[in-house]
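If you read the protein sequences in the order shown, they are chains A and B.
Those letters in the first sequence? Residues 1 to 10, per the working numbering, in order.
Those letters in the second sequence? Residues 1001 to 1215, per the working numbering, in order.
Working notes for the structure below.
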Amino acid sequence: LSAKKGKDEL
Amino acid sequence: MNIFRLAGDMTHLLSIIVLLLKIYATKSCSGVSRKTQELYAIVFLARYLDLFTDFISVYNSFMKVVFIASSLAIVWCMRVHPMVRRSYDKELDTFRHYFLIAACFLLALVLHEKFTFQEVFWAFSIYLEAVAILPQLVLLQRSGNVDNLTGQYVFFLGAYRGFYILNWIYRYLTEPRFTRWIACVSGVVQTALYADFFYYYFISWKNNSKLKLPA
Chain A
1 LSAKKGKDEL
Chain B
1001 MNIFRLAGDM
1011 THLLSIIVLL
1021 LKIYATKSCS
1031 GVSRKTQELY
1041 AIVFLARYLD
1051 LFTDFISVYN
1061 SFMKVVFIAS
1071 SLAIVWCMRV
1081 HPMVRRSYDK
1091 ELDTFRHYFL
1101 IAACFLLALV
1111 LHEKFTFQEV
1121 FWAFSIYLEA
1131 VAILPQLVLL
1141 QRSGNVDNLT
1151 GQYVFFLGAY
1161 RGFYILNWIY
1171 RYLTEPRFTR
1181 WIACVSGVVQ
1191 TALYADFFYY
1201 YFISWKNNSK
1211 LKLPA
């Protein structure tokens, strides 16, 4: 999950 | 997405809605720092440069658009709307926010995850968000009396920061590789800035009295 590209938090 | 992050996003959204409602209903922005609002608009514009390059989720993109649009709407109201504009007290809102912008940008040039256009602007937005509330807190301190909606606006913003810290603790414990030092350290600094305000907010809430900050 944390390897996902981009920032997932606002 | 965990419950803490959702609660954080919702209180963040709520704070903006409270502020828009206050300005719209009273046609006045007294007690609101335009400088803080402009800093938030810059924060969102700088951070969400990835809106068109990285798709995370519909929720993520939707919230980004909402945050950019609502922060620009508030700044627009305070600068352009004839009635709201007149209620803005320039004399109270004297914080030199350009220094904050310059300092945060320099810090972002030095401290970032990667030296790319997007990453430097992302780091810049994180640092700027941490201190963006300062002009607002200084304005409240100066005017002493805080009206209910402005108090609630700052309260919800502080709650949003608190939930994000819980979210990071949760993620750190549940996601093996979750380390986001820039965001976490800046986030703790930002939340600490609210500590003083919260103290007085709770005292006034406990005593059921109007929120007043000491001079």
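All C-beta atoms, glycine included, are put in the ideal place defined by N, C-alpha and C.
Remember, it's a predicted structure, so these values are computed and weren't measured experimentally.
Under the three-state DSSP convention, the category residue i falls into
i, result
"K1212/B", "strand"
"N1145/B", "strand"
"S1015/B", "helix"
"K1206/B", "helix"
"Y1059/B", "helix"
"I1133/B", "coil"
"K4/A", "Note that K4/A has pLDDT 48, beneath the 50 cutoff, so the model's placement of it is unreliable and the number below is only indicative. Looking at K4/A - three-state DSSP - the assignment turns out to be coil, as it is neither helix nor strand."
"V1032/B", "coil"
Rounded Cβ spacing between residue i and residue j (contact assumed at less than 8 angstroms)
i, j, result
"L1128/B", "I1101/B", "7 angstroms"
"M1078/B", "C1029/B", "5 angstroms"
"A1041/B", "V1075/B", "5 angstroms"
"A1132/B", "T1036/B", "6 angstroms"
"L1211/B", "S1143/B", "Actually they are not in contact, since the Cβ atoms of L1211/B and S1143/B sit about 11 angstroms apart, beyond 8 angstroms."
"V1120/B", "K1027/B", "The pair is not a contact, with the Cβ atoms about 39 angstroms apart (cut-off 8 angstroms)."
Minimum C-alpha distance to residue i - residue among the options
i, options, result
"H958/B", "R1034/B, N1148/B and L1021/B", "Summary: the structure shown does not reach residue 958/B, with chain B confined to residues 1001 through 1215, and so no result is reported for it."
"V1185/B", "L1049/B, L1111/B and P1135/B", "L1111/B"
"Q1190/B", "G1151/B, R1161/B and L1211/B", "R1161/B"
"H1081/B", "G1144/B, E1038/B, R1171/B and I1023/B", "I1023/B"
"L1235/B", "A1123/B, L1019/B and N1002/B", "As shown, chain B starts at 1001 and ends at 1215. That puts residue 1235/B outside it, with no answer to give."
"K1090/B", "F1055/B, L1139/B and L1049/B", "L1139/B"
"L1213/B", "N1145/B, Q1118/B and A1123/B", "N1145/B"
"I1016/B", "V1066/B, Q1118/B and R1177/B", "V1066/B"
Length of the line joining the Cα atoms of residue i and residue j
i, j, result
"A985/B", "Y1199/B", "Residue 985/B lies beyond the residue range present for chain B, which begins at 1001 and ends at 1215; the question has no answer from this structure."
"I1068/B", "K1206/B", "35 angstroms"
Closer than 7 angstroms: residue i CB and nearest the ligand ADP heavy atom
i, result
"S1030/B", "Although the ligand ADP was asked about, the structure shown includes no ligands whatsoever."
Status (buried if at least 16 other CB within 10 Å, exposed otherwise) for residue i
i, result
"D1196/B", "exposed"
"N1167/B", "buried"
"A1159/B", "buried"
"K4/A", "At K4/A, the pLDDT of 48 sits below 50, so the modelled position is not reliable; the number obtained from the coordinates is stated separately. So K4/A counts as exposed."
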